[in-house]
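Inspection log for the structure reproduced underneath, given as structure tokens.
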Amino acid sequence: MQQSFTIFPFDLPGDVTTLRADIRAFLGAHAVKLGVPNCWLICDPDFSKALGAAGFLGMTLPKDVGGHDRHPLERYVVIEELLAAGAPVGAHWIADRQTAPLILRYGSDEAKARYLPGMCAGELYACIGLSEPGAGSDLASVRSTARLTSDGWRISGQKIWTSSAHLSHVMLALLRSEEGSERNAGLSQFLIPMDAPGVTIRPIIDMSGEHHFNEVFFDDVLLPEWALIGTRGQGWTQATAELALERSGPERYLSSHVLMTALIDAAGTDPDPELRTLIGELTAELWTLRQMSMSTAAKLAAGEDPMVEASMVKDLGNSFEQALPQRVQALVDCPSTRQDDLAKLMRSLLISAPSFSLRGGTREIIRGIIARGLGLR
Ligand SMILES: Cc1cc2nc3c(=O)[nH]c(=O)nc-3n(C[C@H](O)[C@H](O)[C@H](O)COP(=O)(O)OP(=O)(O)OC[C@H]3O[C@@H](n4cnc5c(N)ncnc54)[C@H](O)[C@@H]3O)c2cc1C
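Counted the way my numbering counts, the sequence shown spans residues 552 to 928.
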């Protein structure tokens, strides 16, 4: 007897089948650029521009700012296809995922006009200015300041670990705007153009030898009043709401997906039993994570604030994708002389995977949020 299953407690909106076919056709036309591990950190401006021109960026934004008025779950379908294919989406990633929606919600008319059309076109990139020396996990220790003067806002201080600051046009920064304030009170969010006088960007080279991170210094940077995003003093609430967008998406379990695809390809049609079991286990785990992530995305789309759910997706997703290269390494012999896709991807991901449970909030902090959300005091 055939059984029918309700996969999600909601229907996917729009014509998702056509949309999935469209994005796959786009990817097919750019096949030469695909297969990149840890792909949402890898920047390819031409790819981002082409994606924007094809209507796959700013999907949930209104048409009058260059967007496409699509449902958040339609955007989800597009980004899971991009990530699963290992597309180099790093240039526009932050702007499309969180900065543009935040500007739409809280930004002034000037900010919307200046930034949103370029973000929707895949030509204007943003970076995240949260972490500082001494304010990583303990984000409420932010010390960089914004002071309102008769000329506008004056910004001083330093950010660190800023992904792609050297390629970005603008930073959305969390700064202490109220003199004498402490912890999570008195913080505000600001848009800082990366070419503003007084902004200095210094590279930090990571352990794989790549320049991805940066330190960013602000030396009395002058900003117009409209650079304040949202309500003065409410930066903490805004920034933590932004984190729910950042933590539950498919990028929390698909960073290593190209390795899984390469493993399946290399296994061929008659894999040995151990390999068959591994692929089966990985597929089952991946499917569960996808269900959890999509359900959280549906809650976000419905206007809820699923901080605990988003944190669970991040923690379980990071654990899955972090373990993947090690699980492959345990079964597949990949000496350093081996140069096929599987071996190269595995070696690359063994180096980058430790960062998966740090970025966007460390494992320990995320588990603390889950414990408190579940009622532990
Ligand atoms: C790939 C990558 C990209 C990043 N991109 C950005 C970016 O674009 N913008 C940005 O602002 N930041 C970025 N970060 C920084 C990231 O958010 C921080 O590294 C992270 O929040 C941890 O802060 P920290 O490095 O200061 O470590 P710390 O806060 O010093 O933590 C060190 C260790 O102590 C543990 N720890 C700390 N406090 C507690 C506690 N209360 N209970 C239990 N354990 C605790 C942590 O879990 C961690 O294991 C990025 C990081 C990575 C790895």
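We treat Cβ as the ideally placed atom computed from N, Cα and C, and that holds for glycine.
According to DSSP, Lys710 shares a beta bridge with Val767. Gln873 is not bridged by DSSP to any residue. When secondary structure is reduced to three states using DSSP, Gly911 falls in the coil class, being assigned neither helix nor strand. Just so you know, the alpha carbons of Arg753 and Asn765 end up roughly 5 angstroms apart.
At a Cβ-Cβ threshold of 9 angstroms, Gln649 and Glu797 count as neighbours. Within the region 638-699, the complete beta strand (DSSP E) runs of at least 3 residues fall at 677-680 and 696-699. Judged by DSSP secondary structure, Ala724 falls within the beta strand (DSSP E) whose first and last residues are Val721 to Arg727.
Taking all protein chains in view, the Cβ of Met758 is surrounded by fewer than 16 other Cβ atoms within 10 Å, so the residue is classified as exposed.
Taken in chain order, the complete alpha helix (DSSP H) segments of 4 or more residues contained in the region 575-627 are 596-604.
In the structure shown, Leu794 falls within a helical segment according to DSSP collapsed to helix, strand and coil. DSSP places Leu805 outside both helix and strand once states are collapsed to three, so it counts as coil.
Residue range Pro824 to Ala852 is occupied by the alpha helix (DSSP H) that includes Gln842.
With contacts defined by Cβ atoms closer than 9 angstroms, Gly673 and Asp647 form a contacting pair. Set against 8 angstroms, the gap from the CB of Gly687 to the closest heavy atom of ligand 1 is smaller. Taking a 10 Å sphere around the C-beta of Pro905, we find fewer than 16 other C-beta atoms and assign the residue as exposed.
Relative to ligand 1, even the nearest heavy atom lies 8 angstroms or more away from the CB of Lys865. Annotation for Arg575: Glu632 place their beta carbon closer than 8 angstroms to its own, counting only its chain and skipping 5 residues before and after. Remark: the shortest separation between the CB of Thr569 and any heavy atom of ligand 1 does not fall under 8 angstroms. Separation of Glu836 and Lys865 (C-alpha to C-alpha, rounded to the nearest whole angstrom) is 14 angstroms.
Counting every other CB atom within 10 Å of its CB across the protein chains shown gives Glu855 a total below 16, marking it as exposed.
The three-state secondary structure of Thr569, taken from DSSP, is helix. Taking non-hydrogen atoms of ligand 1 into account, the C-beta of Phe764 is found less than 8 angstroms away from one of them. Cβ atoms of Ile920 and Met858 come within 8 angstroms of each other, at about 7 angstroms. Here Pro886 carries a coil assignment [DSSP, helix/strand/coil].
Relative to the Cα of Arg727, the nearest Cα in the group Thr568, Thr782 and Leu570 belongs to Thr782. Inclusion of Val772 and Ile815 in the CB contact set at 9 angstroms is not warranted, their separation being larger than that value. For Thr788, the secondary structure class from DSSP, reduced to helix, strand or coil, is helix. In terms of Cβ geometry, Tyr657 and Ser715 do not form a close pair [threshold 9 angstroms]. Here the distance from the Cβ of Ser807 to the nearest heavy atom of ligand 1 is not below 8 angstroms.
As the crow flies, the alpha-carbon of Leu667 is around 24 angstroms from that of Leu738.
By the Cβ-count criterion, Asp595 is buried, with 16 or more other Cβ atoms from all chains shown falling within 10 Å of its own Cβ. Excluding sequence positions up to five before and after Glu872, its CB lies within less than 6 angstroms of the CB of Tyr804, Ser806, Ser807 and Phe907, all in the same chain and listed in chain order. The residue from Asp573, Gly800 and Gln789 with its alpha-carbon nearest to that of Gln740 is Gln789. Ile630 sits close to Gly800, with the two beta carbons spaced by under 9 angstroms.
Taking all protein chains in view, the Cβ of Val583 is surrounded by fewer than 16 other Cβ atoms within 10 Å, so the residue is classified as exposed. CA-CA distance, Gly685 to Ile902, rounds to 25 angstroms.
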